[in-house]
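Read through the structure below, which is laid out as structure tokens, and then see the notes.
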Amino acid sequence: MSVYKHDYRAYTGKVTSAWTRILVVARYGFAEAWSSKITVGLFILCFVPPLLALFGIYLANNPLARALMGNKGPQAVEIDASFFLGVLQVQSWLALVLASWIAPRLITFDLADNAFPILLSHPISRFGYVFGKYIVLFAMLSVVTWVPGLLLFVYQGYSSPQPWAAANLQIAGGLFAGSLIWIALISILGLALSSWVKWRGVATAIIFAAVFVPAGMGAIVSGVLRTKYGFLLNLPFMMSLLWQRLLGVHTSVFSRISLANEAIAVMLVLVCLLCVAMLNARIRAREVVRG
Amino acid sequence: MGIIELDGLEVRLGNRTVLDGLTGELRGRSIGLLGPNGAGKSTLINTLLGFYQASKGSASVFGLDSYRDRAQIRGSIGYMPENDSFIGNMSGVHLVRYMAELAGLPSRQALERAHEALFYVGLGEVRYRKVNSYSLGMKQLIKLAQALAHGPKLLILDEPTNGLDPIARQRMIQLIKEIRKEGTVHILISSHLLRDIDETCDEVLILKRGRIAELCNIEAERRSNRSFMELETVGATERFSTSVRSLGCECASFPGGRIKLVIPDHIEARDLYVIAANQGVQIRRMNQRRDSLEDIFLRAMDMEPGRPANVSL
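Sequence lines, in order, name chains F and R.
If you count by the working numbering, then the first sequence holds residues 1 to 291, one letter each, in order.
If you count by the working numbering, then the second sequence holds residues 1001 to 1313, one letter each, in order.
And the structure:
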């Protein structure tokens, strides 16, 4: 087949390996995500807090700079686990905003025009398709969560006059693990919810609702039944608790209500399993006929 | 070895048996899949693509199990679904390139083949437009382009002329004929339009209620010197049909006293008049004609449900 001859010609060239098809899905997913100016805007916004934190670390470790800023006293900001917890929390919620914008773009275009029959008639599995989309979301959220978090940690280790990094490795581990858990969760949640809604705006709203509405319900359950386990429906609360424990921060706010790590882990796994079931039901070339 | 082999294939969706014990071998260059709505045509296609698993028996494409080896099979199949299926916010060339890459073509070759496929189907001038701005006919053509771009060995077209105006339909039929003529690709066309199948296929598989009603080579059927007759009768048509069958004729009755017959060599028209006279049936009209796909189809549709589903060439 050639443009000038207009004849059909079979393809006889080389064929890529099966696993690279996942990367094809991911590559087109990245292109789709970045085709929106809002994505660019949100991405830039996500780097504002790390830049402010970077400035804070610089000030904290540089007495001359503090003096020039008019601060004659001791360190203005204490760079410790609480500082990095703040960074992690801010970045994580910004990541949720980013995920709720990007995830619907990755799935709903395919869903709206019923693209699954042609997509899945090619040699890519349903798992491969979802995994390709997941890579996009996970990679983009990584860039705004644990990557800047660890860079700030490294910068603090470098700037600190004392051997700070080695004494605070738990912070680095906590930042990394806490971010990974969060972005893994919101990535699959975003994809699962987007796969059930054809309209992007609605999908974005539903992702936010899925995080915050159960939190309200959890508070009601806890109030009515006088149990702390209603907070297991409160994803923001659970994650904050988890982040604190991972970074080794103890605050009075959460000391009154405590949930076992096992209970939090079970709840997060259940949410992930529910998302997998939702994806399994929706990402199909054909509707499942029952009855 | 056949292109598609069915061995007691049964597919159940929920509690319903959609395909029931299909056995046969399809060898043609271009195979037509016919049947009324709900006969199981699309289910068979979906099974061949590995979307459904056989509850009993098996289906194989190029000797590979349609479910177990689905990834391998899909690499050599181009599929044009019946309904709209595309990514609307992509340009035509972007979509076809994406599909070609998913089929395994390296990025550069995929782009080259996407341009070629779009020119080939006649969408060259609109290939940079977003697909959701295409007309219905263009959307059918881009589905064909994405099915062709990676150079499949088997092209599965599900109702390819759906919703097309006569000119676009003719263009689609012409394209299918050209692809068949090129000789490297086998084609499986599902349609409820006999004319489409008649024009493009050399073999036909007719499904009825999930069973094979007929599997035959159209050309061979046409070449066989079977004597066909159309009658218009008044009176006890059913009893007349039964008597005619007892003579050894294949017979299909239609409303309004119309009867179609396949007459063996030893039967003459006079025998039919004798039976009609004995039963008080009037034969108002008698036409002798050659077999057509319509006849094959109608005969298959009239087949008794108890008849064995295993039909082979």
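Here a beta-carbon is modelled for each residue, glycine too, at the ideal position from N, C-alpha and C.
Predicted, not measured: the structure shown is a model, and the values here were computed from it.
Proximity of residue i and residue j at Cβ, strictly below 8 Å
| i | j | result |
| --- | --- | --- |
| Ile1197/R | Ile1187/R | no |
| Val77/F | Gly56/F | yes |
| Lys121/F | Arg1097/R | The question names Lys, yet the displayed sequence has Ser at residue 121/F. Not a contact, by the Cβ cut-off of 8 Å. |
| Val1262/R | Cys1249/R | yes |
| Phe1240/R | Arg286/F | no |
| Trp196/F | Arg105/F | no |
| Ile1182/R | Tyr8/F | According to the sequence displayed, residue 1182/R carries Glu and not Ile. Yes, they are a contact pair. |
| Arg21/F | Gly128/F | yes |
| Ile206/F | Ser1085/R | no |
| Met1099/R | Gln1140/R | no |
| Ile1318/R | Leu1049/R | As displayed, chain R neither begins before 1001 nor continues past 1313, which places residue 1318/R out of reach and without an answer. |
| Met1286/R | Leu1247/R | no |
| Glu1082/R | Glu1178/R | no |
| Arg256/F | Phe116/F | no |
| Val24/F | Pro50/F | no |
| Ala1147/R | Ala1114/R | no |
| Gly1104/R | Leu1123/R | no |
| Gly1032/R | Ser1191/R | yes |
| Leu279/F | Leu191/F | yes |
| Leu42/F | Trp101/F | yes |
| Trp243/F | Gly178/F | yes |
Limits of the beta strand (DSSP E) - the one that residue i falls within
| i | result |
| --- | --- |
| Ser1227/R | Ser1227 to Val1234 |
| His1186/R | His1186 to Ser1190 |
| Met1080/R | Ile1077 to Met1080 |
| Gly1032/R | Ser1030 to Leu1034 |
| Gly1024/R | Arg1016 to Leu1026 |
| Arg1211/R | Arg1211 to Asn1217 |
| Asp1007/R | Ile1004 to Leu1013 |
| Val25/F | From DSSP, Val25/F is part of no beta strand (DSSP E) but of the alpha helix (DSSP H) over Thr20 to Trp34. |
Cβ-based neighbour list, residue i, same chain, cut-off 8 Å, excluding 5 preceding and 5 following
| i | result |
| --- | --- |
| Ala210/F | Leu189 and Leu193 |
| Gly1357/R | The structure shown does not extend to residue 1357/R, since chain R spans only 1001 to 1313, so no value can be given for it. |
| Leu232/F | Gly218, Met238, Leu259, Ala263, Ile264 and Met267 |
| Gly1280/R | Gly1235 and Ala1236 |
| Phe138/F | Ile183, Ala184 and Ser187 |
| Ser1042/R | Glu1082, Asp1158 and Ser1190 |
Interface residues of chain F facing residue i [CB-CB closer than 7 Å]
| i | result |
| --- | --- |
| Pro1081/R | Pro117 and Ile118 |
| Thr1184/R | Ala10 |
| Lys1177/R | Here the premise fails: no neighbours, minimum Cβ distance about 11 Å. |
| Gln1109/R | Gly13 |
Chain-ordered neighbours of residue i on chain R, where CB pairs are closer than 7 Å
| i | result |
| --- | --- |
| Ile124/F | Leu1102 |
| Val24/F | Glu1101 and Leu1102 |
| Gly29/F | Within 7 Å Cβ-Cβ: nothing; Gly29/F doesn't reach chain R, min ~11 Å. |
| Ala18/F | Ala1071 |
Contacting residues, own chain, Cβ-Cβ under 6 Å from residue i (five flanking each side not counted)
| i | result |
| --- | --- |
| Gly248/F | Ala81 and Gln170 |
| Ala1145/R | Val1096, Ala1117, Leu1118 and Val1121 |
| Ala1309/R | Any reading at Ala1309/R must be qualified, since the residue scores a pLDDT of 39, below 50, and its modelled position is unreliable; no value is offered. |
| Gly1040/R | Val1018, Leu1019, Leu1207 and Gly1210 |
| Ala1300/R | Ile1206, Ala1213 and Glu1214 |
Where the alpha helix (DSSP H) containing residue i begins and where it ends
| i | result |
| --- | --- |
| Ser222/F | Arg200 to Leu225 |
| Lys1041/R | Lys1041 to Leu1048 |
| Gly41/F | Lys37 to Cys46 |
| Leu1298/R | Leu1293 to Asp1302 |
| Val1093/R | Gly1092 to Leu1102 |
| Leu1118/R | Ser1107 to Val1121 |
| Phe1240/R | Thr1237 to Ser1246 |
| Ala1276/R | Ala1269 to Gln1279 |
8 Å Cβ cut-off: residues of chain F touching residue i
| i | result |
| --- | --- |
| Phe1062/R | In chain order: nothing, as chain F lies at least about 14 Å away. |
| Asn1132/R | Asp113 |
| Tyr1098/R | Val24 and Tyr28 |
Neighbour list for residue i in chain F, Cβ cutoff strictly below 9 Å
| i | result |
| --- | --- |
| Asp1084/R | Asp113 and Asn114 |
| Glu1268/R | None at all; the shortest Cβ gap to chain F is about 50 Å. |
Interface residues of chain R facing residue i [CB-CB closer than 8 Å]
| i | result |
| --- | --- |
| Val310/F | Chain F is shown from 1 up to 291; residue 310/F falls before or after that span and cannot be answered. |
| Arg286/F | Asn1046, Phe1051 and Tyr1052 |
| Ser194/F | Neighbours of Ser194/F on chain R: none; closest Cβ ~15 Å, over 8 Å. |
Proximal chain R residues relative to residue i, where beta-carbon distance stays under 9 Å
| i | result |
| --- | --- |
| Val15/F | Gly1075, Ala1103, Gly1104, Leu1105, Pro1106 and His1150 |
| Phe109/F | Ile1087, Gly1088, Asn1089 and Met1090 |
| Arg21/F | Glu1101, Leu1102, Ala1103 and Gly1104 |
Cut-off 7 Å between Cβ atoms - residues of its own chain near residue i, not counting five sequence neighbours on either side
| i | result |
| --- | --- |
| Asp1302/R | Ala1252 |
| Asn1089/R | Lys1130 and Asn1132 |
| Gly1257/R | Glu1232, Thr1233, Val1234 and Thr1237 |
| Val3/F | Because the pLDDT at Val3/F is just 49, under 50, the model does not fix this residue reliably, and the value given afterwards should be weighed accordingly. The answer is none, since no qualifying residue turns up. |
| Val1311/R | Low confidence applies to Val1311/R: its pLDDT is 36, below 50, so where it sits in the model is not reliable enough to give any reading. |
Q. What alpha helix (DSSP H) runs, 4 residues minimum, are completely inside the region 50 to 96 of chain F?
A. 63 to 68
Q | Minimum length 4: unbroken alpha helix (DSSP H) runs contained in the region 1129 to 1178 of chain R | A | 1136 to 1148
Q: Tell me the start and end of each unbroken alpha helix (DSSP H) in the region 115 to 183 of chain F that is at least 4 residues and wholly inside, in chain order.
A: 116 to 120, 126 to 144, 146 to 159 and 164 to 167
Q | Continuous alpha helix (DSSP H) assignments of at least 4 residues falling wholly in the region 228 to 277 of chain F | A | 235 to 247 and 252 to 255
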